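*Asks:*
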Amino acid sequence: MRVLLFGIMKDIVAAKTLTIEAELPTVGDLKHWLKQEYPAVQDLKAVMIAVNKAYASDETMLSSEDEIAIIPPLSGG
Amino acid sequence: MRVLLFGIMKDIVAAKTLTIEAELPTVGDLKHWLKQEYPAVQDLKAVMIAVNKAYASDETMLSSEDEIAIIPPLSGG
Amino acid sequence: MEQLIRISDNIDAAEAVAFVQSEESGGVVTFIGSVRNQTKQKKVLKLVFECYEPMAILEMEKIAAQMYEKWQVKRVAMLHVTGEKLPGEVVVAIAVAAPHRGAAFEACQYAIDTLKETVPIWKQEFFEDGAVWVAAHP
Amino acid sequence: MEQLIRISDNIDAAEAVAFVQSEESGGVVTFIGSVRNQTKQKKVLKLVFECYEPMAILEMEKIAAQMYEKWQVKRVAMLHVTGEKLPGEVVVAIAVAAPHRGAAFEACQYAIDTLKETVPIWKQEFFEDGAVWVAAHP
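Chains as they are written, first to last, in the working numbering: chain A, 1 to 77; chain B, 78 to 154; chain C, 155 to 292; chain D, 293 to 430.
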């Protein structure tokens with residue numbers, strides 16, 4: 001599974017994208033995995049996951065064809 | 078007493094200013110006189126009097142040195 | 155507070171925005187009013203604005219002072235036209251910069267609402283079949 | 293509803309205003325955000341904006357759709373920058389035309405409030421002694 005990284009997530013992972021080998025069936029699993037692998041994620045105000053360019057709930061199932069992005073706290077405007 | 082006229086008041090009086098000979102001690106007296114002399118004033122939504130460039134209450138005393146203006150309903154903006 | 159208050163034949167909304175923009179304040183709220191091409195389905199040919207200018211300026215200054223008092227507005231520009239205006243032309247521009255954007259929105263809306271209620275300006279609407287002084291009658 | 297939604301290196305607030313102005317609607321409300329020269333008394337050298345552009349555009353379109361639903365907005369322009377910006381430069385411009393000015397004020401404020409909450413854009417603030425991603429930490 002390949003995920004897009006933005007903002008502070010690029011700094012935390014030190015990359016623009018991340019390829020994950022682990023089996024992560026849902027958005028909730030991906031969030032949990034991120035916090036384990038990158039403890040700095042736990043210090044963020046929040047972290048959201050977008051699936052196919054829309055915010056996804058923890059229950060959303062992930063498939064290898066999805067466009068998955070990690071969305072750290074927003075600061076546009 | 079000379080009063081400035083604006084907007085629809087210029088049309089009603091057919092002049093830009095009006096010189097009044099009658100004794101009108103207060104703003105309320107001036108309003109009453111206007112409605113008597115120019116019945117069309119009674120059809121307006123409201124009529125206010127400004128004395129020295131500020132809205133004046135009916136009790137305000139008028140003097141010949143004052144700058145007096147008839148303020149028909151506003152429609153700026 | 156810095157303020158730009160003016161009544162003139164032509165106004166430029168961009169001048170109002172530029173006046174209030176600064177490196178200190180992040181957000182500017184602007185209201186721009188222009189001549190509509192119709193009123194109640196009737197085609198409007200033009201508007202003619204008239205004002206009691208010295209009093210109008212004083213009333214606009216009162217509005218600016220109230221914006222400063224109530225919303226700690228930092229910079230205000232309030233421009234209004236006088237004379238003849240065609241559909242699409244700008245007749246009023248109010249720009250406000252405040253430390254918080256909620257305050258800037260409230261102050262700008264207060265300014266246009268109050269301007270319409272208290273500033274001695276009148277407009278005459280010209281239709282194909284005549285003209286009326288807007289809001290004169292109930 | 294007519295809408296102009298764009299993310300680009302440079303934006304012009306006057307373009308947003310011009311897009312929504314029309315002879316049919318009398319009032320336009322605009323919010324213009326620009327880079328402040330300081331944050332909590334610390335001098336800001338520049339901001340760098342990054343965005344997840346295809347999703348950001350979709351989220352901005354959702355905001356425009358909600359403005360149409362809730363306030364019968366007629367025309368909306370929503371422009372946001374990406375890349376490096378210096379103090380004083382414009383970073384966001386939202387212009388709204390609606391039949392009633394109260395609706396235009398509410399809709400414009402809703403748009404900027406919601407943009408900040410839902411549109412995937414991030415800014416990094418550069419100070420003399422380092423840089424931070426704004427709002428990343430509690």
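Glycine is no exception: its CB is placed at the ideal position from the N, C-alpha and C atoms. Computed from a predicted model, the values in this text were never measured in an experiment.
In this structure, how does DSSP classify D/H372 when only helix, strand and coil are distinguished?
*Replies:* strand
*Asks:* Output needed in chain order: residues of the segment 118–131 of chain B with a Cβ under 8 Å from some Cβ in chain C.
*Replies:* D120, L121, K122, A127, K130, A131
*Asks:* Does the beta carbon of C/N191 sit closer than 8 Å to a beta carbon anywhere in chain D?
*Replies:* yes
*Asks:* Is there a C-beta anywhere in chain C that falls below 8 Å from the one on D/E420?
*Replies:* no
*Asks:* Going along chain D, which residues have a C-beta under 8 Å from A/P72?
*Replies:* W414, W425, A428
*Asks:* Can you grab the Cα-Cα spacing for the pair C/A218 / D/G394, in whole Å?
*Replies:* 20 Å
*Asks:* From which residue to which residue does the beta strand (DSSP E) around A/M48 run?
*Replies:* 48–51
*Asks:* Less than 8 Å between C-beta atoms, sequence neighbours within five positions excluded: which residues of the same chain meet that for D/F397?
*Replies:* V321
*Asks:* Taking the alpha-carbon of D/E417 as reference, which of D/Q295, D/G318, D/Q330, D/I297 has the nearest alpha-carbon?
*Replies:* D/Q330
*Asks:* On the three-pair Cβ rule with 8 Å, is the segment 361–381 of chain D touching the segment 36–49 of chain A?
*Replies:* no
*Asks:* Check whether the segment 190–206 of chain C and the segment 269–286 of chain C touch, using three or more Cβ-Cβ pairs below 8 Å as the test.
*Replies:* yes
*Asks:* Does chain B have any CB closer than 8 Å to the CB of C/E271?
*Replies:* yes
*Asks:* What residues from chain C crowd round D/T322, counting only those whose CB sits closer than 9 Å?
*Replies:* A167, V171, V182, V183, T184, F185, I186, A249
*Asks:* Taking only beta-carbon atoms, is D/P346 less than 8 Å away from chain C?
*Replies:* No - not a single Cβ of chain C is within 8 Å of the one on D/P346.
*Asks:* Would you call B/M138 buried or exposed, if buried means 16 or more other Cβ atoms sit within 10 Å of its Cβ?
*Replies:* Counting the other CB atoms within 10 Å of its CB gives B/M138 a total below 16, which places it among the exposed residues.
*Asks:* Please tell me whether A/L44 and D/A348 are closer than 8 Å, where the distance is taken between their beta carbons.
*Replies:* no
*Asks:* Let me confirm a value: A/A69 is counted as buried when at least 16 other C-beta atoms fall within 10 Å, else exposed. Which label applies?
*Replies:* Label assigned to A/A69: buried.
*Asks:* Could you tell me if B/P102 is buried or exposed, where buried requires 16 or more neighbouring beta carbons within 10 angstroms of its beta carbon?
*Replies:* exposed
*Asks:* Leaving aside the five residues before and after C/E156 along the sequence, list all residues of the same chain whose C-beta is less than 6 Å from its C-beta, in chain order.
*Replies:* R229
*Asks:* Going by DSSP, what residue range makes up the alpha helix (DSSP H) through C/R190?
*Replies:* That residue, C/R190, is in no alpha helix (DSSP H); it is neither H nor E in DSSP.
*Asks:* Check this for me: beta carbons of A/D66 and A/G28, under 8 Å apart or not?
*Replies:* Against a cut-off of 8 Å, the Cβ pair of A/G28 and A/D66 comes out as no contact.
*Asks:* Residues bridged to D/M352 by DSSP?
*Replies:* Bridge partners of D/M352: none, in fact.
*Asks:* Anything in chain D within Cβ reach of C/F259, meaning under 7 Å, just list it in chain order.
*Replies:* For C/F259, the chain D residues whose C-beta falls within less than 7 Å of its own C-beta are F397, Q401, listed in chain order.
*Asks:* Taking Cβ positions only, does C/Q175 come closer than 8 Å to chain D?
*Replies:* yes
*Asks:* Can you list, in chain order, the residues of its chain with a C-beta nearer than 8 Å to that of C/Q263? Leave out the 5 residues immediately preceding and following it.
*Replies:* F185
*Asks:* Tell me, please, which residues DSSP counts as bridged to A/S57.
*Replies:* For A/S57, which the question treats as bridged, DSSP gives no partner whatsoever.
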